[in-house]
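Going line by line, the protein sequences match chains A and B.
Using this note's numbering, the first residue of the first sequence is number 129, and each one after it goes up by one.
Using this note's numbering, the first residue of the second sequence is number -19, and each one after it goes up by one.
Glycine included, each C-beta is placed from N, C-alpha and C at the ideal position.
None of these values were measured; they are calculated from a predicted model.
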Amino acid sequence: MNEYILEIEGLHKKRNGFELKDVSLRIPYGFVMGMIGANGAGKTTIIKLILNLLRRDSGSIRLFGRDILENEVEIKERIGFVLDRPPYYDDISLRANARIVSMFYRKWNQHYFDQLLEEFDLSPRKKFGKLSQGQKMKFGLAVALSHDADLILMDEPTAGLDPVFRRELLERLGNLLLDDKKSVLFSTHITSDLEKIADYITFVHDGEVVFSATREEVGERWCVVKGGRELLTAETTALFRGHRMSQFGFEALCDDTQAVRSRFGDDVVIERASLEDIMFYLNKGVHHA
Amino acid sequence: MKIVISNASDDPIYEQIARQIRGHILSDELREGDALPSIRGLARELQISVITTKRAFDELEREGFIDTVTGKGSFVAMQNKDLLREKKMKQVENILAEAVREARMLGIGREDLMNMLAVLCEEE
């Protein structure tokens, strides 16, 4: 068996003035990847391209070792997805919506689905259109989890969810991952709770992948440096991926902790960069460069 | 077995897990041959990533505290001499810590305590 459940290479897509450039990432079987980036960075486009809801211009997307263009029906049966705009009918009940969706999946588990609805406190008789944003997300999640999918794709799954349900989502994903053949890809613009369970982080910025690495590698490489203003010269600025000046000193983002340590020694404070730090400074770097 | 993860701590999470399991082995709460929780099970319970958990186990394995048998899981390893030594050292440290606590309660200063220790060492 191929080692990766999802392999994307050299993916390109031009769309309404937005361009996705040379996107590559891989998720091994049994792991979680968080795709992180600011609004408009291209996360949703990537997820739609994986599901072939958008046509790619070039590049390859392999799911379970095969190209989705050649095995679309078979591959999609093994994917559970939760999209930003859920593809369900507003005017009919949840039960009726589920009946329609279930026809597309051979492994549909009605019993498990009913159980999830109950646990998520959703009435099967309610019309989909009457649900709140968070409830729609829960319904989508229940569908995604009810057909024994091997890969779960989620676009901003925590949008509109309260912290209580976010924890519940974590628990569900944890259960899923007890099976070392199942993987998850979710996009988000940062929620620290989900960040913790991600094995891999892919950072998307302005249509490009800035990095795609294990959470540990990211933590070791990226740091925030803080020190006095006099240390920020043309030479040292070259080390940084973005910085912020204040009256009393500077703060800067760097992707080579060791280089900073050997250059500045004890003259500066070096902290692990949070994903939020990375997002902030990279965005800033672009706007002000 | 108790494992508590702090998100506020500066120590990486894998380090926190490794340290606590190491502690459980050194304190005999986990004994030779005892099974450890599975990596995925532990990741689920602690709500952290699988890779982080795996790294903690890799660390313990490299230090010789645990053995991993493919398909069966991880177990507390046969204890080697270094391990035992470290274990004993820890005991000594604990006893000394207790002595320091007692001394502090009685208002015995650092210097007096050092002298007492020096005398004891001489006597040996």
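- Among the residues facing chain B, A:F241 is not included, as its CB has no counterpart in that chain under 8 Å away.
- DSSP, read as helix, strand or coil, puts A:H140 in strand.
- Per DSSP, the beta-bridge partners of A:M163 are A:S315, A:T330.
- Legend: CB atoms of the segment 28 to 43 of chain B lying less than 8 Å from CB atoms of chain A belong to residues I28, S29, V30, I31, T32, R35.
- Membership of A:E379 in the beta strand (DSSP E) is indicated by the continuous run 377 to 382.
- In this structure A:K266 is in contact with A:F248, their Cβ atoms being roughly 4 Å apart against a cut-off of 8 Å.
- In this structure B:G53 is in contact with B:A15, their Cβ atoms being roughly 6 Å apart against a cut-off of 8 Å.
- Segment contact: the segment 208 to 219 of chain A against the segment 148 to 160 of chain A, fewer than three CB-CB distances shorter than 8 Å; contact not assigned.
- Bridge pairing for A:A341: A:I329 [DSSP].
- Per DSSP, the continuous alpha helix (DSSP H) segment holding B:H4 begins and ends at -7 to 6.
- Under the 8 Å criterion on CB atoms, A:I196 is classed as non-interfacial with respect to chain B.
- Between A:L244 and A:L273, the C-beta spacing is below 8 Å.
- At least one C-beta of chain A is nearer than 8 Å to the C-beta of B:R20.
- Cβ proximity to chain B below 7 Å picks out L298, G302, N303, L305, L306, D308 from the segment 287 to 310 of chain A.
- For A:H317, the closest C-alpha among the options A:V332, A:L153, A:R143 is that of A:V332.
- The three-state reading of DSSP puts A:E202 in helix, counting H, G and I together.
- In chain order, E344, G347 make up the part of chain A whose C-beta sits under 8 Å from the C-beta of B:P(-8).
- Of all residues in the segment 156 to 168 of chain A, only G158, F159, V160 come within less than 8 Å of chain B when Cβ atoms are compared, listed by chain position.
- A:T319 counts as buried, since at least 16 other C-beta atoms from the protein chains shown sit within 10 angstroms of its C-beta.
- Along the segment 316 to 342 of chain A, the positions whose C-beta sits under 7 Å from a C-beta of chain B are K324, I325, A326, D327, T342, read in chain order.
- Against chain A, the beta carbon of B:R24 has neighbours under 7 Å at G302, N303, L305, L306, listed in chain order.
- A residue is called buried once 16 or more other Cβ atoms fall within 10 Å of its Cβ, and A:D327 is buried on that count.
- Between A:E137 and A:G187, the gap from beta carbon to beta carbon is short of 8 Å.
- Beyond the five residues adjoining it in sequence on each side, A:G262 comes within less than 7 Å, by CB distance, of G288, L289, D290, F293 in the same chain, given in chain order.
- Check the Cα spacing between A:T173 and each of A:K310, A:L211, A:E379, A:A366: the tightest is with A:L211.
- If only uninterrupted alpha helix (DSSP H) runs of at least 4 residues are considered, those enclosed by the segment 248 to 278 of chain A are 261 to 273.
- Secondary structure of B:E25 (DSSP, three-state): helix.
- Comparing alpha-carbon positions, the option among A:D195, A:D276, A:F339 lying closest to A:F232 turns out to be A:D276.
- Beta-bridge partners assigned by DSSP to A:L306: none are found.
- The beta-bridge partner set that DSSP reports for A:K354 consists of A:E379, A:V397.
- The beta-carbon separation of A:V271 and A:A341, rounded to 31 Å, does not stay under the 8 Å limit for a contact.
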